[in-house]
Each structure stands twice: as C-alpha cells, then as structure tokens.
Amino acid sequence: MGEFLLITWSCSFEYWSFEMVVLLSGLLPNPKLETSVLSISLNTCWMVYMISVGLGGAVSTRVSNELGAGNPQRARLAVCVAAAIATSEGVIVGTTTILVRHIWGRLYSNEDEVIKYVAKIMPLLALSDFLDGFQCVLSGAARGCGWQTLCAVINLGAYYVVGIPSAVLLAFVFHVGGMGLWMGIICGLSVQAVALVVVNVATNWDDEVSLSDTPMKGLSMKSSSQKQGDEGHRPNSSYQALK
Numbered sequence: 001m002g003e004f005l006l007i008t009w010s011c012s013f014e015y016w017s018f019e020m021v022v023l024l025s026g027l028l029p030n031p032k033l034e035t036s037v038l039s040i041s042l043n044t045c046w047m048v049y050m051i052s053v054g055l056g057g058a059v060s061t062r063v064s065n066e067l068g069a070g071n072p073q074r075a076r077l078a079v080c081v082a083a084a085i086a087t088s089e090g091v092i093v094g095t096t097t098i099l100v101r102h103i104w105g106r107l108y109s110n111e112d113e114v115i116k117y118v119a120k121i122m123p124l125l126a127l128s129d130f131l132d133g134f135q136c137v138l139s140g141a142a143r144g145c146g147w148q149t150l151c152a153v154i155n156l157g158a159y160y161v162v163g164i165p166s167a168v169l170l171a172f173v174f175h176v177g178g179m180g181l182w183m184g185i186i187c188g189l190s191v192q193a194v195a196l197v198v199v200n201v202a203t204n205w206d207d208e209v210s211l212s213d214t215p216m217k218g219l220s221m222k223s224s225s226q227k228q229g230d231e232g233h234r235p236n237s238s239y240q241a242l243k
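Residue 20 in UniProt numbering is what sits at position 20 of the sequence shown, and the numbering runs on without skipping anything.
Take a look at the structure:
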C-alpha cells in the first residue's frame, strides 16, 4: 500500500497544481472570462499530455527491464531515445498549437473575447506542453530506477514551492491575470525538468543494475527456502501407500 501511494503522490502533486490554477482564476477581476480560458487551456494541456504519459510509461518499463536484465548501457540508451522522441513531439505539438491559436478557441466558445484570449495564451501552452512532455519522460526513467519517492519530492518542491507561489505573485501582485497563473505553472515545470535532467545525468547505471539485483536475489533466496520447506513437510508417497 505504501509503495502504491508513493507512485500516486508523484502524479497527484502535479495534477492538483494545475487544478489549483483554475480555482485561483476565479479570484481574478473577471472570473468568468479567466476561468473559461484557463479551463480550455487545462483541457488542451491534458489532451496533449496523454502522448507524454504514454512515452513516460514506455521508458519506465524499458528502463526497469534493462536494469533487471543487467544491461545498464541499454537502459541509458532507452532514456536518450525517449528524450529525443519527447523533444521532437514537443516541437511538433508546440508548433501546431501556435499555428491553430486563432481558431482553437472557436471549438469551445462563440464569444470573441474568449477566442482572442485563448489565442493569446496558446503560445504559453505550447511552451508548457514541451516542458511537460520532456519531464514526463525523465520522470518515467526515474520511476524505472525505483525513485518514486524522489519524483514525489521533486514534484512537491517544483509545483508548491516554486510554481503556485510564482503563479499567485504574477497574477495577483503584478496583475498579469490568467496568463500569470499559467506562467507560474511554467516556472514549476522548468524547475521540475531541470531537477530531473540533473538526476538522470548523474545516474550511475552500473550501480543501478547492482541495486536492482539485490531485491531480486533476496526474493529468489526466500522463494528457494520456502520451496525447500514445503518439500520437507511433504509426506512421503511410498509411506502413504503402505499406510
């Protein structure tokens, strides 16, 4: 149960911070407009995020499998390839987001004010989608190494020590409005991405293979001793036949 919570906390900290931005938009001078635009932004962000989630899950599985098989260089290569794919995906999605910024708002609203505001905030969405995709892959690699606790700490610090306070400062002190709230999220994403880059670059993959062998050896020894114990308590078939 504890290990499961560690996995869910890491993702939950990130999800809650985005939802908190939408809630904070209701405190701005024009809450109806700000909430509408940020809800559209969040919906768009989650749609694109599904691509990054798939890449993160794939690299997490690949890294854990390669480490378990004793292939540190292949695990490192998997991270590099996934990071390259995430970068390419981020550039393509970001470019597309900017190109469709003037028509995207029409999918959600007929009000010109909302459509123009959505077009204004879309470049920020392009940047956040790029950073989010990149960090998602690096986070997946870290999870593949068994660093769920570290990922949770990074997410907590990035979003609740940097991201949300920056969003509040930009939106309510410097009066940037809803765009300021999203800029705060970008600040959190930037810190998260930089921290995960440092973690992955500093990783000693040979040591990770050794660490992955330790629990497996313990599990193997436990299974072997349990099997021997079962065989020791198993009644002799010839004795049963005579009896």
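Ideal Cβ positions, reconstructed from N, Cα and C, are used throughout, including at glycine.
Rounded to whole angstroms, what is the Cα-Cα separation between residue i and residue j?
i: M122; j: L99; result: 9 Å
i: E66; j: R76; result: 9 Å
i: L127; j: V91; result: 9 Å
i: G16; j: S41; result: Before going on, a small fix: residue 16 reads as Trp here, not Gly. Taking the straight line from one Cα to the other gives about 15 Å.
i: L38; j: Q148; result: 30 Å
i: V93; j: G105; result: 17 Å
i: N200; j: N30; result: 42 Å
i: D112; j: I103; result: 11 Å
i: E208; j: C151; result: 16 Å
i: Y117; j: S36; result: 10 Å
i: N87; j: V81; result: The amino acid occupying residue 87 in the given sequence is Thr; Asn does not appear at that position. Between T87 and V81, the C-alpha separation is close to 10 Å.
i: G146; j: S109; result: 44 Å
In chain order, what residues of the same chain have a beta carbon less than 8 Å from the beta carbon of residue i, not counting five sequence neighbours either side?
i: G57; result: G140
i: G26; result: E34, T35
i: A119; result: R101, H102, W104, G105
Under 8 Å, do residue i and residue j count as touching if we go by C-beta distance?
i: G184; j: G163; result: yes
i: A83; j: V137; result: yes
i: E14; j: N155; result: yes
i: L131; j: I51; result: no
i: G177; j: L28; result: yes
i: L33; j: V114; result: yes
i: A158; j: L24; result: no
i: T44; j: L125; result: yes
i: V21; j: W182; result: yes
i: V197; j: D129; result: no
Going by DSSP in three states, residue i sits in which element: helix, strand or coil?
i: T203; result: coil
i: S109; result: coil
i: C145; result: coil
i: V48; result: helix
i: P165; result: helix
i: H102; result: helix
i: P123; result: helix
Kindly list the residues whose CB is nearer than 7 Å to the CB of residue i, restricted to its own chain and excluding five residues on each side of it in sequence; keep chain order.
i: S64; result: G144
i: S190; result: L131
Is any beta-carbon of chain D found at less than 8 Å from that of residue i?
i: V114; result: No chain D is present in this structure, which holds just one protein chain.
Give me, in chain order, the residues of the same chain whose beta-carbon lies closer than 6 Å to that of residue i; leave out the 5 immediate sequence neighbours on both sides.
i: S60; result: G140, R143, G144
i: W205; result: P72, A75, R76
i: M179; result: I121
i: R62; result: A78
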